[in-house]
Each structure stands twice: as C-alpha cells, then as structure tokens.
C-alpha cells in the first residue's frame with residue numbers, strides 16, 4: 028500500500044502537539060489584521076493568540092481569505108514529488124470555498140501525475156469538528172487502513188460530528204453577515220446567547236437561544252447529554268476565543284452530565300484558531316464530539 032499524507036487547513040484548529048502526535052500537515056489560509064495580511068498560523072507565529080483577540084476586542088474587524096487553487100497545486104505537487112498520495116480533509120464548503128479550489132488543483136496535479144492519488148473531502152465541519160475527523164483519519168492510517176478505506180469512513184461518519192457553540196457577543200457574527208443588525212442589537216440588549224451548531228449542510232446555524240452566559244454553558248451540556256454517541260473514536264474537545272476560564276466552566280458543566288462509559292475520555296481545551304475566530308469573535312466557546320446523526324437543516328428552518 029502506498030503511503031499517504033493527511034492534509035487539512037487552518038480551520039482545523041489542530042495545535043502543534045496534535046499535528047505532531049497524529050502526523051497531520053495543514054495548508055494555511057490567510058487573514059488581514061489592521062491592514063496587514065498574515066498566514067492563518069495555528070501556532071500563532073506572527074500574530075499571537077492574545078493580540079489577535081485583543082485587536083477584535085478593540086473593535087477592529089479581521090478579514091479572512093481562502094486558499095486558492097494555485098496554492099493547493101503547489102502543496103499537492105510538493106507532496107506528490109516525495110512519492111506520497113494525499114488525503115485532504117477540508118473545511119465545510121458552507122463556510123469557505125477553499126475545498127472547491129482544492130478540487131481544481133487535484134484534477135490538474137493528477138492529470139500531470141497519473142500514478143498519484145489525491146482525495147479531497149468536504150467534511151462539512153470546521154474547527155475541532157474538522158480536527159477530530161483528521162485525528163481519526165490518522166488513527167485509522169496507523170492501523171494500516173488504505174487512503175480509500177479512510178476516505179470512505181470519513182464520508183460516512185462526518186454527519187455524526189457535533190458542534191455545540193455559543194458566542195459572548197453577536198457583534199462579530201453581524202459583521203460577518205451571519206446575523207442581522209437588528210438581531211445583534213436586541214440580542215445584546217437582552218443578553219441573549221445563541222446555541223450554534225454545524226447543520227447537515229455544514230453551515231453554522233443558531234438552533235436555540237438562552238438568556239445569560241452561564242445558561243448557555245448549561246444548555247450546551249444538556250445538548251451533549253441528549254446527542255452524544257458511544258463511538259470507538261469518541262473525543263471531546265472545547266475551543267475558546269481567549270476565554271479560558273469560561274472554557275473550564277463549560278468543561279465542568281459537561282463533566283456533570285458525562286455518561287459513565289465516557290468518563291475515561293479527557294475533555295481537551297484548545298484555542299479557537301484565527302479563521303473561525305475572526306467570524307465569531309472573542310468569548311466564543313465550542314464543544315465537539317461524535318453523536319447521533321446530524322439532520323437539522325438550517326436552510327429549511
């Protein structure tokens with residue numbers, strides 16, 4: 028069986044230790060902060076995690092940009108030249124057009140390298156939802172699964188990945204065009220916190236609203252209790268937009284309801300990366316795990 032590289036993008040929010048442990052590579056998207064364009068570095072090299080969210084708290088908008096086909100082509104060619112096939116797990120196409128650009132690059136590189144195999148998957152997930160799928164792909168690769176076997180598993184099981192998220196303020200979702208100005212205004216006035224999931228189409232949609240920050244933590248824990256699944260590859264991750272103490276509080280709420288068969292799984296806390304963070308803003312929290320099949324369709328709500 029030919030060796031293959033598992034490749035993802037900046038939306039995966041996999042930190043350096045995770046990428047090293049699971050031998051995962053990533054292609055960098057970009058963001059513009061105070062007029063300066065930077066790579067969306069998951070190791071926060073050029074712009075630190077704290078500075079990134081401080082800029083947003085000061086009222087400055089950060090604009091993100093996708094990976095284009097030429098950038099994908101360059102990375103794909105470099106990997107193929109080393110003799111590897113490629114399994115690329117990309118951010119949801121409902122949130123970014125990057126994965127569509129990867130298809131263009133894939134076709135061109137494979138045309139010029141007929142012995143190479145490049146599989147590109149729209150995971151319909153982002154953040155640690157995407158990251159967990161990458162980790163599972165790596166675990167299956169380590170067990171000797173072929174690129175086709177792993178790709179088939181991801182395609183079949185991506186619909187079982189759950190996101191339960193909330194934001195501190197609706198300001199950033201308004202700026203990103205995710206909520207109306209009216210909703211943002213009254214939501215802030217009434218201290219309304221949305222519960223945001225990744226729906227069947229891979230879109231971030233609010234499915235519930237609660238009043239107060241702490242109540243949003245309890246609601247996320249309740250939804251986890253209702254939706255979790257006993258899965259061979261179960262992992263529990265919380266991400267935070269520079270609000271680590273809140274992440275710990277959310278972790279505590281989830282631990283109160285965690286079933287006995289999952290109590291051996293540590294709930295990991297990770298920083299929210301720059302791509303999703305730019306849209307959701309400081310104070311964002313998200314819980315990611317495998318659960319029942321996601322069937323909610325925000326486009327029909």
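Numbering (the working numbering), first residue to last: 28 to 328. Even glycine gets a Cβ: it sits at the ideal position worked out from N, Cα and C.
Nearest in C-alpha terms to residue 94, of all of 148, 132, 292, 63, is 132. Separation of residue 311 and residue 173 (C-alpha to C-alpha, rounded to the nearest whole angstrom) is 37 Å. If you look at residue 237, you'll find it in the beta strand (DSSP E) that goes 231 to 238.
Distance between residue 40 and residue 141, taken at the CA atoms: about 32 Å.
In the three-state DSSP reduction, residue 324 falls in the coil class, being neither helix nor strand. Contact annotation: residue 35 and residue 157 have beta-carbon atoms nearer than 8 Å. In the DSSP secondary-structure assignment, residue 295 is bridged to 264. Of all C-beta pairs linking the stretch 185 to 200 to the stretch 69 to 79, fewer than three are shorter than 8 Å, placing the two stretches out of contact. The continuous beta strand (DSSP E) containing residue 221 extends over residues 219 to 225. DSSP places residue 317 in the uninterrupted beta strand (DSSP E) bounded by 312 to 317. Sequence-distant Cβ neighbours of residue 167 in its own chain, meaning closer than 8 Å and more than five residues away, are 176, 177, 180. With a minimum length of 4 residues, the unbroken runs of alpha helix (DSSP H) contained wholly in the stretch 156 to 204 fall at 174 to 184, 198 to 202.
DSSP places residue 89 in the coil class of the three-state scheme, outside both helix and strand.
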